[in-house]
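FYI, the numbering for the sequence shown is -20 to -1, 1 to 366, going by mature numbering (1 follows the signal peptide of the UniProt record, and there is no 0).
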Amino acid sequence: MRKIIFIVLLAFSYTFSQNAANLFFNANGGRAAAMGNAYTALSDDVLGLAWNPAGLGYLRSYASSVVGRFGFGNSSINGFEPYGINSWKVDLNSWSQLNFIGIVVPFEIEGVSGGTGFSFRRVYNLTLEQNHTIKTSTDSYSYHDNSDGGVDAFTLAFGVRLHKVISVGLTLNYLIGTVDGFRNLNKNNQNDPTNYITYNNEYSGFSAEGGLMIKPMDLFTVGAHFIIPYTVTEDSTGGGSVKLGIPLAFSIGIAVFPMEHLILSMDYRNQPMSAVTVNNRSLKDLYGTEDTYSIHIGAEWQTEKLAYRIGYYKNKETQNVFNPDHVFTGGVGIKFSSFMLNTALEYTETNIKREFDLDDALIPYTQNTSEWRITIGAQVYFYGAF
């Protein structure tokens, strides 16, 4: 029984960690999070550094921002009862990240308007602390799988207004990061040093992104954001090196301004996970991973001192990608002259079905996960007012 549990845990932990490292989408910013991350067409502020560099072409003032995020949750796993596992619960302990720091500067050179900026932001969040409690008819097992870190980007971006209604932008990213972690299995609260495993992964690479924003009239804006294919190198404990190939990905969005204080937004974001490669082998070939996408909607109502926000997004259900099925979002922005405080709360629900291969027998199981995420950010305007 112990051998079966240990094999299952190691395989499950590997799969969970790989899927949690979603190589396409770790959203930045409190306002965006509160509006369901429907932000591709609303990026005419400092968050254009993360969402759509074309928005920098419409900058109205100098600005800087700093954003933090943390979260917690729980999960349950069912399907291993025939193998003597009566219950399997997982606590996702609280985690935190420095989500975004950025500064932007508008410019006008010989009649050409635009903006530029620099940021440090979390691109892939790989921080996750899982505490598994597994009970059989006779024993209780505790399994800890903790990782801390992620992949961050030092970003330089430009946006230029080609015409009063069209702006284009380019983002250049230097990627760097590290993840430290350990795994440990205990039986009946008895610590076994032989089951304690540590690891360290380091990441590096370069990437580029492009953007387009069209404002044909005051009523609405259309935006598009493209991630150009690139490679991330992962150097692991023991000297192993892996090349992760990220394919072309994109998002398109629209923002509508039906009345003076109301904004409505919607995004479509594709995530071609099947084309991600590991040492030139695609995830589709390795694991049967499918492509996925997400639909995002958001709304904001502005008053003189407050901005009320709400949103929702849904990922296409897939078998091998740990993406939330549903995410409900909301938040408030509080204005203090040239300073603004943005808060966001997200609640995620995930229900996935998988099959685990144990001695050539396929074991179907389900995993139900819920998580809360809280984002808090401050934004300062150095010249002009919001």
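For glycine and all other residues, C-beta sits at the position ideal for the given N, C-alpha and C.
Quiz item: Taking residue 385 as the reference, which of Gln282, Gly291, Tyr273, Thr20 has the closest Cα?
Solution: Residue 385 lies beyond the stretch modelled for the chain, which goes from -20 to 366, so this question has no answer here.
Quiz item: Should residue 381 go down as buried or exposed, given a rule of 16 or more other Cβ atoms within 10 Å for buried?
Solution: It is not possible to answer for residue 381, since the shown part of the chain is limited to -20 through 366.
Quiz item: Hey, out of Arg334, Ile243, Arg261, Thr330, whose CA is closest to Ile290's CA?
Solution: Counted from its first residue, the sequence shown places residue 290 at position 310. Of the candidates Arg334, Ile243, Arg261, Thr330, the one whose C-alpha sits nearest the C-alpha of Ile290 is Ile243.
Quiz item: What are the boundary residues of the alpha helix (DSSP H) that Ala12 is part of?
Solution: Position 32 of the sequence shown, counting from 1, holds the residue named residue 12. Here the alpha helix (DSSP H) through Ala12 covers 10 to 14.
Self-check item: Distance, Tyr327 Cα to Gly10 Cα
Solution: The residue you call residue 10 lines up with position 30 of the sequence shown. The residue you call residue 327 lines up with position 347 of the sequence shown. Distance from the CA of Gly10 to the CA of Tyr327, rounded to the nearest whole angstrom, comes to 14 angstroms.
Quiz prompt | DSSP-derived helix/strand/coil call for Gly364 | solution = Locating residue 364 in the sequence shown gives position 384, where the first residue counts as 1. Caution applies to Gly364, whose pLDDT of 46 falls short of 50 and renders its modelled position unreliable; the model cannot decide the point.
Quiz item: Where do the N-terminal and C-terminal ends of the alpha helix (DSSP H) with Gly28 fall, by residue?
Solution: Taking the sequence shown and counting its residues from 1, the one referred to as residue 28 is at position 48. Counting along the chain, the unbroken alpha helix (DSSP H) around Gly28 starts and ends at 28 to 31.
Quiz item: What residues in its chain sit with their C-beta under 7 angstroms from that of Thr217, if we drop five residues either side in the sequence?
Solution: Along the sequence shown, read from residue 1 onward, the residue named residue 217 stands at position 237. Excluding five sequence positions before and after Thr217, the CB atoms of its chain that fall closer than 7 angstroms to its own CB belong to Tyr179, Asn180, given in chain order.
Quiz item: If Asn79 sits next to Arg102, beta carbons under 8 angstroms apart, how far is it from one beta carbon to the other, in whole angstroms?
Solution: On the sequence shown, position 99 is the one that residue 79 refers to. On the sequence shown, position 122 is the one that residue 102 refers to. Between Arg102 and Asn79 the Cβ distance is about 5 angstroms, and since that is below 8 angstroms, they are a contact.
Practice problem: Ignoring anything shorter than 3 residues or poking outside the stretch 73 to 127, list the beta strand (DSSP E) runs there in chain order. | Solution: Secondary structure remark: continuous beta strand (DSSP E) runs of at least 3 residues inside the stretch 73 to 127, in chain order: 92 to 105, 108 to 115.
Exercise. From the DSSP output, read off the bridge partner residues of Pro344.
Key: For the purposes of this step, residue 344 is identified with residue 364 of the sequence shown, where counting begins at 1. For Pro344, which the question treats as bridged, DSSP gives the partners Glu335.
Quiz item: What are the residues that DSSP puts in a beta bridge with Asn181?
Solution: Counting from 1 along the sequence shown, the entry for residue 181 is found at position 201. In the DSSP assignment, Asn181 is bridged to Val159, Ser216.
Quiz item: Taking the DSSP output, what are the residues bridged to Phe206?
Solution: Indexing the sequence shown from 1 puts residue 206 at position 226. Per DSSP, Gly190, Phe230.
Quiz item: Are Gly139 and Pro33 touching if we call contact CB-CB under 7 angstroms?
Solution: Within the sequence shown, the letter at position 159 stands for residue 139. Within the sequence shown, the letter at position 53 stands for residue 33. Yes; because the gap between Cβ atoms is below 7 angstroms, this pair is in contact.
Quiz prompt | Residue interval of the alpha helix (DSSP H) (run including Lys264) | solution = Against the sequence shown, residue 264 aligns to sequence position 284. For Lys264, the uninterrupted alpha helix (DSSP H) run begins and ends at 263 to 267, by DSSP.
Quiz item: Quick one, are the C-beta atoms of Pro227 and Pro209 less than 7 angstroms apart?
Solution: For the purposes of this step, residue 227 is taken as residue 247 along the sequence shown, with counting starting at 1. For the purposes of this step, residue 209 is taken as residue 229 along the sequence shown, with counting starting at 1. Yes, the Cβ-Cβ distance between Pro227 and Pro209 is below 7 angstroms.
Quiz item: Nearest to Gly28 by CA position, among Tyr121, Gly94, Phe50, Asn73, is which residue?
Solution: As a working mapping, residue 28 is identified with position 48 in the sequence shown. Of the residues Tyr121, Gly94, Phe50, Asn73, the one whose Cα lies closest to the Cα of Gly28 is Gly94.
Quiz prompt | With 16 other Cβ atoms within 10 Å as the buried cut-off, status of Ala1 | solution = Residue mapping note: residue 1 aligns to position 21 of the sequence shown, counting from 1. Note on Ala1: pLDDT 40, under 50, position unreliable in the model; the coordinate value appears next. In summary, Ala1 is buried, with 16 or more beta-carbon neighbours lying within 10 Å of its beta-carbon over all protein chains present.
Self-check item: C-alpha gap between Asp25 and Ala137, whole angstroms
Solution: Locating residue 25 in the sequence shown gives position 45, where the first residue counts as 1. Locating residue 137 in the sequence shown gives position 157, where the first residue counts as 1. Roughly 12 angstroms separates the two Cα atoms.
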